[in-house]
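K.L.:
Have a look at this one.
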Amino acid sequence: MNPFTEILNRNRHPLEPIATELPSQLKELPGIQAVLFDIYGTLLVSGSGDVGTAMEMTKGDALEAAWQACGVTSQIPAEEMVQQFYAVIQGDHKTATKRGTSYPEIVVEEIWQKVFAAAIDNNQVTVPPDFNPAVFALEFESRVNPVWPMPHMKEVLDTLQERGITLGIISNAQFFTPKIMEYFLGSSLEEIGFQPENCFFSYQHRVAKPGKDLYLAAAQTLAGAGIDMCHILYVGNDMLNDVQPAAQVGMKTALFAGDQRSLRLRKDDARMLPIQPDVTLTSLPDILACLPR
16 MNPFTEILNR NRHPLEPIAT ELPSQLKELP GIQAVLFDIY GTLLVSGSGD
66 VGTAMEMTKG DALEAAWQAC GVTSQIPAEE MVQQFYAVIQ GDHKTATKRG
116 TSYPEIVVEE IWQKVFAAAI DNNQVTVPPD FNPAVFALEF ESRVNPVWPM
166 PHMKEVLDTL QERGITLGII SNAQFFTPKI MEYFLGSSLE EIGFQPENCF
216 FSYQHRVAKP GKDLYLAAAQ TLAGAGIDMC HILYVGNDML NDVQPAAQVG
266 MKTALFAGDQ RSLRLRKDDA RMLPIQPDVT LTSLPDILAC LPR
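The sequence shown begins at 16 in the working numbering and counts up one residue at a time.
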């Protein structure tokens with residue numbers, strides 16, 4: 016058993032979505048050939064709503080538990096190291112912004128590597144010889160942002176694949192995100208229908224939503240397979256990160272309003288344009304009623 020599976024086995028616990036007050040708004044979307052999904056808050060119930068949100072809600076006790084799990088001894092108070100973690104992230108963002116990236120993304124194991132390297136140099140932290148920042152990152156993440164499959168996730172994905180729909184992902188994510196998906200699916204993403212060329216994770220491209228880069232990259236890839244943007248449906252729980260950029264590049268959009276924790280309507284966000292989703296889903300099976308059989 017690999018260490019990532021062991022961590023997920025140890026730290027997982029079931030989560031049920033909390034119903035929202037938003038009603039479903041369904042209609043047939045003819046001609047859809049591809050469906051692209053967000054992950055956190057859409058395919059996965061997320062205890063903190065989103066991988067980025069989780070980083071803003073971390074607690075020192077979660078960090079201490081991750082230290083213990085990884086054999087780390089620290090003279091730095093946990094809350095102080097959390098602040099150092101954020102400071103390194105902000106520094107990376109500033110550097111990337113100066114280079115012209117509007118919505119930069121970190122690589123989380125690199126951030127932890129920098130945090131620990133500085134602490135070790137100052138003789139404030141000791142780590143075992145086999146310390147792995149990626150393993151530590153998942154120990155930490157699995158505590159601050161617990162996740163669980165959204166009800167009927169696998170059945171819906173299986174049905175879409177049976178209907179001949181091309182599946183893809185556009186998600187703000189880290190290296191552990193596809194691993195978590197595969198853990199809960201019990202198979203590789205490719206086996207469930209997500210071909211690697213149609214999966215766009217922010218950490219791999221070092222750009223994040225709500226920027227349009229990942230959406231444009233996905234559209235270009237699918238165009239090469241003969242699928243125009245108007246025949247792509249994007250499904251996500253955030254009006255700013257998901258619905259708006261997908262609509263701006265010409266995709267059809269579905270707002271997933273199936274969990275109160277993660278639904279982001281962004282009504283008071285000045286960045287929002289007067290854009291509405293084509294359909295609103297309150298459960299994943301709703302999507303099946305909107306697509307060709």
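Idealized CB from N, CA, C, for every residue including glycine.
1. For residue 279, count neighbouring Cβ atoms within 10 angstroms of its own Cβ and tell me buried if that reaches 16, exposed if not.
2. Quick check on residue 120: buried or exposed, where buried means 16 or more other Cβ atoms within 10 Å of its Cβ?
3. From the DSSP output, in three-state form, read off residue 55 for me.
4. Nearest CA to the CA of residue 161: which residue from 86, 17 and 22?
5. Is it true that the region 199–214 meets the region 86–104, where meeting means three or more beta-carbon pairs spaced less than 8 Å apart?
6. For residue 249, write down the residues that DSSP places opposite it in a beta bridge.
7. Considering residue 202, what are the terminal residues of the beta strand (DSSP E) in which it resides?
8. Is it right to say residue 214 is buried, meaning 16 or more other beta carbons lie within 10 angstroms of its own, or is it exposed?
9. Near residue 244, which residues of its chain fall below 7 Å by C-beta distance, leaving aside the five closest residues on each side in sequence?
10. Below 7 Å between beta carbons: does that hold for residue 261 and residue 290?
11. Helix, strand or coil for residue 126 per DSSP?
12. Measuring straight from C-alpha to C-alpha, what distance separates residue 88 and residue 145?
13. In terms of DSSP beta bridges, what is residue 186 paired with?
P.N.:
In brief:
1. As a first step, residue 279 is located in the sequence shown; it is residue number 264 there, counting from the start. Per the 10 Å Cβ criterion, buried.
2. As a position in the sequence shown, residue 120 is number 105, starting the count at 1. By the 16-neighbour rule on beta-carbons within 10 angstroms, residue 120 is buried.
3. Locating residue 55 in the sequence shown gives position 40, where the first residue counts as 1. Secondary structure of residue 55 (DSSP, three-state): strand.
4. Along the sequence shown, read from residue 1 onward, the residue named residue 161 stands at position 146. Ranking 86, 17 and 22 by Cα distance to residue 161 puts 22 first.
5. No: the two stretches stay apart, fewer than three of their Cβ pairs being nearer than 8 Å.
6. By one-based count along the sequence shown, residue 249 stands at place 234. DSSP links residue 249 through a beta bridge to 51 and 268.
7. For this step, residue 202 is matched to residue 187 along the sequence shown. DSSP places residue 202 in no beta strand (DSSP E); its state is neither H nor E.
8. For the purposes of this step, residue 214 is taken as the residue at position 199 of the sequence shown. Buried, because 16 or more other Cβ atoms sit within 10 Å of the Cβ of residue 214.
9. Numbered from its first residue, the sequence shown carries residue 244 at position 229. The beta carbon of residue 244 sits closer than 7 Å to the beta carbons of 234, 264, 265 and 266 from its chain, once the five residues preceding and following it are set aside; these are given in chain order.
10. For the purposes of this step, residue 261 is identified with residue 246 of the sequence shown, where counting begins at 1. For the purposes of this step, residue 290 is identified with residue 275 of the sequence shown, where counting begins at 1. No. Outside cutoff.
11. Sequence index remark: in the sequence shown, residue 126 carries index 111 (1-based). Helix, per DSSP.
12. Counting from 1 along the sequence shown, the entry for residue 88 is found at position 73. Counting from 1 along the sequence shown, the entry for residue 145 is found at position 130. C-alpha of residue 88 to C-alpha of residue 145: approximately 14 Å in a straight line.
13. Within the sequence shown, numbered from 1, the residue matching residue 186 stands at position 171. Answer by DSSP bridge pairing, in chain order: 216.
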